[in-house]
Structures are given as structure tokens and as C-alpha cells.
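Chains as they are written, first to last, in the working numbering: chain V, 2 to 204; chain D, 2 to 204.
What follows is a single structure, written as C-alpha cells, with notes after it.
There are 2 protein chains.
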Amino acid sequence: MTKRSRQDRPTRQAQILETAARIFCEKGFDKASMEDVADAVGLTKAGLYHHIGSKDELLFAIMSYGMDLFEEKVLNRVMTIADPLERLKAALRGHVLLVIRDRPKEVTVILHETNALKGRFRDRINARKKRYIKFLEKTFREMIKSGAARRVDPSAAAFAMLGMINWIYQWYRPGGRLSDEAVADALSDVFLGGILARPSGPA
Amino acid sequence: MTKRSRQDRPTRQAQILETAARIFCEKGFDKASMEDVADAVGLTKAGLYHHIGSKDELLFAIMSYGMDLFEEKVLNRVMTIADPLERLKAALRGHVLLVIRDRPKEVTVILHETNALKGRFRDRINARKKRYIKFLEKTFREMIKSGAARRVDPSAAAFAMLGMINWIYQWYRPGGRLSDEAVADALSDVFLGGILARPSGPA
DNA sequence: GGTAGCCTACCTACTGGTCGGTAGGTTGCA
DNA sequence: TGCAACCTACCGACCAGTAGGTAGGCTACC
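In C-alpha cells, the structure reads:
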């Protein structure tokens with residue numbers, strides 16, 4: 002699969018991945034034709050197929066790269082934090098900032114084209130997603146045990162957080178009223194502290 | 002566009018909508034062919050086209066019906082509640098229960114095929130979505146003013162809530178560990194009260 | 001240093017199949 | 001008779017993928 006060149010061509014494979022991610026993101030996997038991708042890379046369709054095995058395989062490669070990005074930039078960096086509260090805060094903020102500031106098309110493709118992948122490809126991506134969910138659930142359980150969190154349902158909390166974050170790409174556009182940091186702050190604030198005023202005591 | 006029959010055939014149109022919604026939901030709009038829909042309805046493709054104008058028009062009709070459902074069963078019922086806290090609670094619970102218990106395929110199609118619609122069709126659906134967002138933002142502002150809510154950003158809170166709810170269809174499967182009511186309770190709890198135990202006092 | 005052999009990276013031209021949509025005919029009920 | 005509700009048969013467009021060729025570079029050996 003991954004062709005290697007000494008160093009005269011470290012680009013092509015990466016360039017194809019990046020370009021295809023952008024196009025799948027813009028037009029959708031089904032509506033984007035391989036000719037669209039080939040044109041954008043500056044190849045013919047047959048030339049493109051010299052580098053990749055199939056459209057499905059290309060999609061899988063994009064998603065795998067997206068998961069690599071997420072795990073490298075978020076999950077792996079926070080997993081080792083001992084205190085569950087700090088771990089959650091870091092994951093929450095890191096995840097939001099990843100999708101809001103870096104906006105990797107590869108991650109958006111993961112979110113929007115879940116059903117486009119089939120069989121083993123799909124299973125492998127889903128397994129990596131599940132790993133993150135388990136991580137969140139475990140963190141919530143530890144927070145509850147340590148008294149840092151209320152007795153919320155860990156699974157529901159995990160999916161609520163994921164929903165909040167994974168929906169961002171549907172509405173957030175850079176250059177809006179709220180800055181990247183402001184959005185990250187606001188969403189963290191809502192998720193951690195909820196909407197309601199404290200039932201009693203000072204604000 | 003919408004053909005009308007006196008009342009001998011109130012079924013066909015509705016049957017087509019419902020069936021097409023199911024199929025678009027299962028296979029995705031792009032991958033579902035009009036022959037798939039026609040077969041499922043028990044017609045040929047040409048027979049199906051006797052009732053509808055185009056595939057896009059069919060998708061628009063499905064989404065419009067989905068918005069009708071949502072507005073009738075949720076938005077219109079809670080809009081008149083005077084107290085903003087009770088209004089929000091009712092909207093939150095009603096919305097979650099709609100997507101979790103009734104699971105109208107039409108609503109799922111709205112969420113998953115946003116980009117499939119183009120031009121005026123898209124604008125009309127988006128306008129109805131925007132109306133709901135404005136409603137939520139206004140409710141949050143009233144809650145803050147009345148002291149029922151913390152000083153969260155109303156827009157961010159609205160999108161956080163929408164993300165949480167609109168993501169449900171990605172993970173919730175009936176018959177799981179949590180009942181419909183339990184999921185509605187858990188998500189309401191997380192969103193209203195947040196994750197943290199009584200905080201020491203954030204800004 | 002020349003050349004044979006081979007390889008990577010592409011290209012042109014095509015296939016088999018699918019899909020949205022339609023023209024024009026048939027059927028059966030009012 | 002007239003019209004709604006279908007059908008058969010088809011079109012043109014497009015698409016994933018491929019067969020088979022070529023240009024140019026690297027390597028090995030003389």
C-alpha cells in the first residue's frame with residue numbers, strides 16, 4: 002500500500018491524501034469522482050490509480066490518517082495525565098481546539114462519511130473510535146469516584162461530549178463572533194458546569 | 002409538485018415519503034437509487050416519477066415533513082411556555098424523546114443529508130433550523146436574565162445542546178442498557194447540571 | 001562511457017455498469 | 001370518454017476501474 006521513495010518523492014502519497022480529503026469533505030465521498038481527485042492532484046485517473054488501490058482504500062487511508070492526527074495531537078498527550086479532572090479538561094479542550102483551529106479535513110471526513118466504509122475497513126476505524134469512548138467513560142468513572150464529578154451516567158456523558166464536539170464542524174466558521182479560544186472556553190464551560198445556576202450559594 | 006387526491010388516495014404520497022425516508026436513511030441519499038425506492042413502494046421507476054418531480058424534490062419533501070414533525074411535536078408545544086427554565090426543559094426532553102423514541106427517519110435524513118440539498122430547497126430547510134436555534138438562544142438569554150442560568154454564551158450553549166441531541170442517532174440503538182427515558186434523563190442532567198461536582202468557583 | 005534491462009510514474013483510450021429521468025403506451029375506474 | 005395511475009423500453013451522462021503503452025531515470029556490466 003504505502004509506497005516509499007527515498008526522499009525525492011515523500012510528497013505524492015501525502016499530497017493525494019490531503020487533496021482527496023479536501024475534495025471528499027467539500028463534495029461528499031459519493032458525489033466526488035475519482036476524476037475530481039485526479040484533476041486536483043494534477044494527474045489523470047489512471048495516474049492516480051497507480052498510487053492507490055481503490056476509492057474505498059483511499060477513504061480508509063484518509064480516515065486512518067485522521068485518527069493518527071487525533072491520537073497524536075489529543076489522545077496520546079492527555080492519556081498519561083494522572084488526575085482524572087485535569088485529564089478530562091485537557092481532552093475536552095484539546096479535542097475542541099483540534100477540530101476548530103486545525104480543522105483537519107481528514108477528521109471531518111471521519112465524522113461525515115462513517116457509513117461510506119464497509120467491512121474490515123469500517124471495523125478498524127470503529128475500533129479506534131471505541132477506544133476513545135472507553136477512555137472518556139473511564140475518566141468519568143474515576144472523576145465520580147474521586148468526587149470531582151456528579152453521579153452522571155459515564156456513557157451518556159461521553160456521548161454528550163462527543164456529540165457536542167463532533168457537531169462543531171456543522172456550524173463553526175472561522176472568523177465569526179467567537180474566536181477559537183472563546184469557543185473552546187464556552188463549550189468547556191457548558192459541558193463542565195452545565196447551564197443552570199447553582200441551586201444555592203454565590204455565582 | 003405535490004399531487005393531491007380527494008381522499009381515496011391519501012396513502013400513496015405518504016407511503017412514498019415514508020418509504021423513501023427509510024431507504025435514504027439506510028443507504029444514504031446518494032447511494033440509494035430511485036429504483037430502490039420504487040421497488041420498496043411496489044412501483045416501477047416511471048410509476049414512482051408519476052408522483053414526484055425529481056429525486057431532489059423527494060428529498061426536500063422528506064425533510065420538510067421531518068421539520069413538520071419536529072415543530073408539531075416539540076417546538077410548537079413548548080414555545081408558549083412562559084417560564085424560560087421550564088420552556089428549555091420541555092424542549093430538551095421533548096427533542097431527545099422525539100429522536101430516541103419515535104426515531105422518525107425523516108428527522109435523521111435532515112441531520113445526515115444536509116449537504117445533499119442545493120439552492121432554494123436547502124435555504125428553506127435551513128431557515129426552519131435557524132428558527133429553532135434563535136428560539137434556544139432567546140430562551141438561554143431569558144434564563145440568564147432571570148437568574149435561572151449561569152452566564153454561558155447563548156449561541157455556544159444552543160449549539161452544544163443541538164450537537165448533543167443531533168448526535169444521538171449515531172450511537173443510540175433501542176434495547177440497549179439505557180431505556181428511552183433513562184437516556185433523556187441522563188442527557189438532560191448532563192446538559193443542565195454539567196459534569197463537575199460543586200465547583201470551587203470558576204470565572 | 002555506453003548500452004541493455006528494468007522500474008517507477010505516469011498517459012490514452014476504453015469497458016461494463018449504474019443512474020436519473022422520460023417518451024409513449026396500457027389499464028381501469030368514474 | 002376522460003383521466004389518473006401505472007407500465008415497458010429506452011436515453012444520455014457519468015463513473016470506478018483497467019489494459020496497454022511510453023518517457024525517463026537508475027543500475028549493472030562490459
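Here a beta-carbon is modelled for each residue, glycine too, at the ideal position from N, C-alpha and C.
is_contact[Asn127 of chain D, chain V] using C-beta, thresh 8 Å: no
Where Ala83 of chain D falls: helix, strand or coil (DSSP): coil
Residues that Ala150 of chain D bridges to, as DSSP identifies them: V:Leu197
Cα-Cα separation, Val79 of chain V to Phe136 of chain V: 10 Å
Within 8 Å, strictly: CB atoms of Met35 of chain D and Leu18 of chain D: no
Contact set for Leu93 of chain V: own chain, Cβ-Cβ below 6 Å, skip 5 residues either direction: Ser189
Meets three-Cβ-pair contact criterion under 8 Å: the region 40-55 of chain D and the region 138-149 of chain D: no
Counted within 10 angstroms of its Cβ, other Cβ atoms place Gln8 of chain D as buried (16 or more) or exposed: At Gln8 of chain D, the pLDDT of 35 sits below 50, so the modelled position is not reliable; the number obtained from the coordinates is stated separately. It is exposed - the Cβ of Gln8 of chain D has fewer than 16 other Cβ atoms within 10 Å.
Reference Ile166 of chain V, options V:Gly95, V:Cys26, V:Thr20, closest by Cα: V:Gly95
Contact with chain V by Arg151 of chain D, beta-carbon distance below 8 Å: yes
Whole-Å CB distance - Glu114 of chain V paired with Phe30 of chain V, under 8 Å assumed: 5 Å
Three-state class that DSSP yields for Glu72 of chain D in the structure shown: helix
Length of the line joining the Cα atoms of Gly164 of chain V and Ala33 of chain V: 26 Å
Classification of Glu107 of chain D by the beta-carbon crowding that lies within 10 angstroms, buried from 16 upward: buried
Coil, strand or helix - Glu182 of chain V by DSSP: helix
Val191 of chain D at chain V interface by Cβ criterion, 8 Å: yes
Residue environment, Asp205 of chain V, which counts as buried when at least 16 other CB atoms sit within 10 Å: This structure cannot speak to residue 205 of chain V, because chain V is shown only from 2 to 204.
Buried versus exposed call for Thr109 of chain V [16 or more other C-beta atoms within 10 Å across all chains shown]: buried
Any chain D beta carbon closer than 8 Å to Phe160 of chain V: yes
Inter-residue spacing [alpha-carbon to alpha-carbon] between Leu59 of chain V and Asp84 of chain V: 39 Å
is_contact[Leu59 of chain D, chain V] using C-beta, thresh 8 Å: no
For Ala15 of chain V, three-class secondary structure by DSSP: helix
Option nearest Ala158 of chain D by Cα separation, candidates V:Arg104, V:Met162, V:Val42: V:Met162
Between the CA atoms of Thr45 of chain V and Pro105 of chain D - distance to the nearest angstrom: 43 Å
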